[in-house]
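J.: Counting in my numbering, the final residue of the sequence shown is number 940, and the numbers go up one at a time with none missing.
Don't be surprised by glycine CBs; every beta carbon is placed ideally from N, CA and C.
Quick caveat: nothing in here was measured; it's all calculated off a predicted structure.
After the structure tokens below, expect a handful of questions from me.
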Amino acid sequence: MALNSQNVLAALDSFRIEVPSWGFADTGTRFGKFVQDSAASTLEEKFSDAGQVHYFTGVCPTVALHVLWDLPAGTDLREVVKLSDKYGVRAGSINPNVFQDQEYKHGSLGNERPEVRQRALDHILESVSLAKQLGCRDLAPWLADGSNYPGTANIRHRKQWIAEAFRKVHEALGPSQRLLVEYKPFEPAFYHSDIGDWGMALLLARAAGPKAFVLVDTGHHYQAQNIEQIVAWLLSENMLGGFHFNDRRYADDDLTLGSIDPYQIFRVFAEIRHWEWESRQRADIAYMIDQSHNLKNKVEAMIQTVMTAQLLYAKAVLIDHEALQKARTEQRLIDAENCYKDAYETDCRPVLRDWRKSHGLAEDPLQAFRASGYTERTSRERGVRKKGASSYA
Ligand code: PSV
Ligand code: MN
């Protein structure tokens, strides 16, 4: 296919993607944790690592923060602002945490006990306030609420409690802030999850108010679910607020975006581009990464993810929407499908290199990062401290 590089270059100019602070820290599976000398332990180290991703890719100016992990009680927010200045990345979406404390064993906003629901609501309202003070637009709560055994939960009551709480959260939002409602079909609850799919998230967002939207975490779907259809429906309802990008093989595996099914992410971008082409406006969507890398070098994996997202987005930009729509209307299925295939199979790496060059960036951010010696330096500096800690043998 003829590569319309001007379109791709222009589209890449406005493509931004947010990295998660937790993607730079040591994490593990429930079977164990494999620590890396260079992994970040402090908020400063997370900002430093996120700053590297932005420095080499040029498209990641914000870092998502998880309140309890990054901004525990007593955090001086002026220090956070100083870190932004020092490392060149700002705080992005604010993620409350109502899933790790003992009180939340049977749920948070959906808990049977009013005092636990209140505690969870207070934390989320506190998170809204932190977001305001840091100038952050999106509040992205994820509830681990649900039940493990049939008959043990009043599903309707829990829905009602969550809806009431989200309404209160919505009331507390500033004029330009948004509430993004994330869903997940299972884990940690395995019988029912209170916000189990996009329809439930949509109803809750609608009930909360006009500044609430749905957040699609690509890992939070059943095997073979058509995520791009969900995206298309949310777009048509004007309810798609953002993404948590990652890839999956079985469940919420948190694998690197595009490592298993890059064509699926292309199809997601294709729906967004087609909606933009039809409606002649840009979709207001927060693209965020939600990945924890246990085995790969964390900064490298994040750079790899960003490069993959850009590449798949660039391919989606190449779709000839006129031709696609005409083929659809005339029911020429092969021609319609080939509009996707031709775009997807076009090698966009050269145009991405050109885009980077024209923005004073390294043509290959991953190689440039490796050559910088950052990992060696942080491994030395952070490793010494970790080796002193008892959990590190
Ligand atoms: C839950 O699986 C999730 O996707 C939510 O977005 C959390 O905030 C994030 O992962 C980190 O645990
Ligand atoms: Mn997520």
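Enumerate, from N- to C-terminal direction, the unbroken beta strand (DSSP E) stretches of 3 or more residues contained entirely within the segment 658 to 697.
T.: Listed in chain order, nothing qualifies, since the segment 658 to 697 has no complete beta strand (DSSP E) run of 3 or more residues.
J.: Under 8 Å: does the beta carbon of D837 sit that close to some heavy atom of the ligand MN?
T.: Working through the sequence shown from its first residue, we reach residue 837 at position 290. Checking the Cβ of D837 against the ligand MN gives yes.
J.: So what's Y738 in DSSP terms, helix, strand or just coil?
T.: The count along the sequence shown starts at 1 and reaches residue 738 at position 191. The answer is coil: DSSP assigns Y738 none of H, G, I, E or B.
J.: If we ignore side chains and look at the alpha-carbon of each, how far apart do E626 and L615 end up?
T.: Numbered from its first residue, the sequence shown carries residue 626 at position 79. Numbered from its first residue, the sequence shown carries residue 615 at position 68. Taking the straight line from one Cα to the other gives about 16 Å.
J.: Cβ atoms of D801 and H768: under 9 Å apart, would you say?
T.: Counting from 1 along the sequence shown, the entry for residue 768 is found at position 221. Counting from 1 along the sequence shown, the entry for residue 801 is found at position 254. No.
J.: Could you pull out every residue in the same chain whose Cβ sits closer than 6 Å to the Cβ of Y634, ignoring the five residues on either side in sequence?
T.: Counting from 1 along the sequence shown, the entry for residue 634 is found at position 87. Excluding positions up to five away in sequence, the list reads F594, S595, G598.
J.: Please look up how many angstroms separate the CB atoms of N551 and L787, rounded, as I've assumed it's under 8 Å.
T.: Numbered from 1 along the sequence shown, position 4 holds the residue referred to as residue 551. Numbered from 1 along the sequence shown, position 240 holds the residue referred to as residue 787. Rounded, the Cβ-Cβ distance is 26 Å, inconsistent with contact.
J.: By alpha-carbon positions, which one of D911, V763, L782 ends up nearest to H821?
T.: Here residue 821 is taken as the residue at index 274 of the sequence shown, counted from 1. Looking at the Cα atoms, L782 is the closest of the given residues.
J.: Would you say E673 faces chain D, with C-beta separation under 9 Å as the test?
T.: The structure shown contains no chain D; it holds only a single protein chain.
J.: CB I709 to CB G657, shorter than 9 Å?
T.: Looking up residue 709 in the sequence shown gives position 162. Looking up residue 657 in the sequence shown gives position 110. It is a contact, given that the beta carbons lie within the stated cut-off.
J.: Between P735 and D744, is the Cβ-Cβ spacing less than 9 Å?
T.: Residue numbering aside, residue 735 sits at position 188 when the sequence shown is read from its first letter. Residue numbering aside, residue 744 sits at position 197 when the sequence shown is read from its first letter. Taking 9 Å as the Cβ cut-off, P735 and D744 do not qualify as a contacting pair.
J.: How many Å lie between Y810 and V663 at the Cα?
T.: One-based indexing of the sequence shown puts residue 810 at position 263. One-based indexing of the sequence shown puts residue 663 at position 116. Straight-line Cα distance between these residues: approximately 43 Å.
J.: Smallest Cα separation from Q728: which of K629, W902, N642?
T.: Start at 1 with the first residue of the sequence shown, and residue 728 comes out as number 181. This sequence places Val at residue 728; Gln is not what is there. The shortest C-alpha separation from V728 is found at N642.
J.: Name the two residues that bound the continuous alpha helix (DSSP H) containing Y834.
T.: Position 287 of the sequence shown holds residue 834. From DSSP, Y834 is part of no alpha helix (DSSP H) but of the beta strand (DSSP E) over 833 to 836.
J.: For A611, write down the residues that DSSP places opposite it in a beta bridge.
T.: Translated into the one-based positions of the sequence shown, residue 611 becomes position 64. Answer is P567, bridged to A611.
J.: To test your reading of the DSSP string, which unbroken alpha helix (DSSP H) runs of 4 or more residues are found completely within the segment 789 to 853?
T.: If we require 4 residues or more, the alpha helix (DSSP H) runs fully inside the segment 789 to 853 come out as 809 to 826.
J.: In the DSSP output, which residue or residues are listed as bridge partners for I641?
T.: In the sequence shown, the residue the question calls residue 641 occupies position 94. DSSP, once it has assigned bridges, lists L612, L686 as partnering I641.
J.: Excluding the five sequence neighbours on either side, which residues of its own chain have a C-beta within less than 6 Å of the C-beta of A691, listed in chain order?
T.: In the sequence shown, counting from the first residue as 1, residue 691 sits at position 144. Excluding residues within five positions, the ones whose Cβ falls inside 6 Å are F646, P735.
J.: Any contact of the segment 844 to 855 with the segment 915 to 931, i.e. 3+ C-beta pairs under 8 Å?
T.: Touching, yes, given that three or more Cβ pairs across the two stretches are closer than 8 Å.
J.: Would the C-beta of G698 count as close to the ligand PSV, meaning under 8 Å from any of its heavy atoms?
T.: Indexing the sequence shown from 1 puts residue 698 at position 151. Not under cutoff, so the answer is no.
J.: If we call anything under 9 Å between Cβ atoms a contact, is L686 one with A678?
T.: What you label residue 686 is simply residue 139 of the sequence shown in a count that begins at 1. What you label residue 678 is simply residue 131 of the sequence shown in a count that begins at 1. Closer than 9 Å, so yes.
J.: Does any heavy atom of the ligand PSV sit closer than 8 Å to the C-beta of W708?
T.: For the purposes of this step, residue 708 is taken as residue 161 along the sequence shown, with counting starting at 1. Answer for W708: no, Cβ out of range of the ligand PSV.
J.: Of all the beta strand (DSSP E) runs that stay within the bounds of the segment 697 to 762, which reach a length of 3 or more residues?
T.: Those beta strand (DSSP E) runs which fall completely within the segment 697 to 762 and span 3+ residues are 725 to 729.
J.: Could you tell me the alpha carbon to alpha carbon distance between L908 and F713, rounded to whole angstroms?
T.: Position 361 of the sequence shown holds residue 908. Position 166 of the sequence shown holds residue 713. Approximately 42 Å, taken between the alpha carbons.
J.: Taking the C-alpha atoms as reference points, what is the distance between V570 and E711?
T.: For the purposes of this step, residue 570 is taken as the residue at position 23 of the sequence shown. For the purposes of this step, residue 711 is taken as the residue at position 164 of the sequence shown. Reading off the sequence, residue 570 comes out as Gly, not Val. Going by the C-alpha atoms only, they are around 32 Å apart.
J.: Which stretch, first to last residue, makes up the alpha helix (DSSP H) that contains L880?
T.: Position 333 of the sequence shown holds residue 880. Note, L880: alpha helix (DSSP H), 880 to 892.
J.: How far does the alpha helix (DSSP H) with H601 in it extend, from its first residue to its last?
T.: Counting from one through the sequence shown, the residue named residue 601 turns up at place 54. Where H601 is concerned, the enclosing alpha helix (DSSP H) stretches over 590 to 604.
J.: Hey, would you say the C-beta of E825 is under 8 Å away from at least one heavy atom of the ligand MN?
T.: On the sequence shown, residue 825 is found 278 positions in, with the first residue counted as 1. No, Cβ of E825 sits at least 8 Å from all heavy atoms of the ligand MN.
J.: Checking the sheet assignment: what are the DSSP bridge partners for L787?
T.: Taking the first residue of the sequence shown as 1, we reach residue 787 at position 240. According to DSSP, which records beta bridges pairwise, L787 is partnered with V761.
J.: Would you mind stating whether F792 and I819 have Cβ atoms separated by less than 9 Å?
T.: By 1-based counting over the sequence shown, the position of residue 792 is 245. By 1-based counting over the sequence shown, the position of residue 819 is 272. No. Outside cutoff.
J.: Going by other Cβ atoms of all chains shown within 10 Å of its Cβ, with 16 needed for buried, is G605 buried or exposed?
T.: Locating residue 605 in the sequence shown gives position 58, counting from the first residue. By the 10 Å Cβ count, G605 comes out buried.
J.: Throw me the rounded Cβ distance for the W902 and L559 pair, which I believe falls under 8 Å.
T.: Within the sequence shown, the letter at position 355 stands for residue 902. Within the sequence shown, the letter at position 12 stands for residue 559. Yes, they are in contact, since the Cβ atoms of W902 and L559 sit about 5 Å apart, within 8 Å.
J.: Closer than 8 Å to a non-hydrogen atom of the ligand PSV - does that hold for the CB of K593?
T.: In the sequence shown, the residue the question calls residue 593 occupies position 46. Because no heavy atom of the ligand PSV lies under 8 Å away, the Cβ of K593 does not count as near it: no.
J.: Can you grab the Cα-Cα spacing for the pair E592 / I807, in whole Å?
T.: One-based indexing of the sequence shown puts residue 592 at position 45. One-based indexing of the sequence shown puts residue 807 at position 260. E592 and I807: Cα-Cα distance of roughly 30 Å.
J.: Does DSSP put T576 in a helix, a strand or coil?
T.: Counting from one through the sequence shown, the residue named residue 576 turns up at place 29. If DSSP states are grouped into helix, strand and coil, T576 belongs with the strands.
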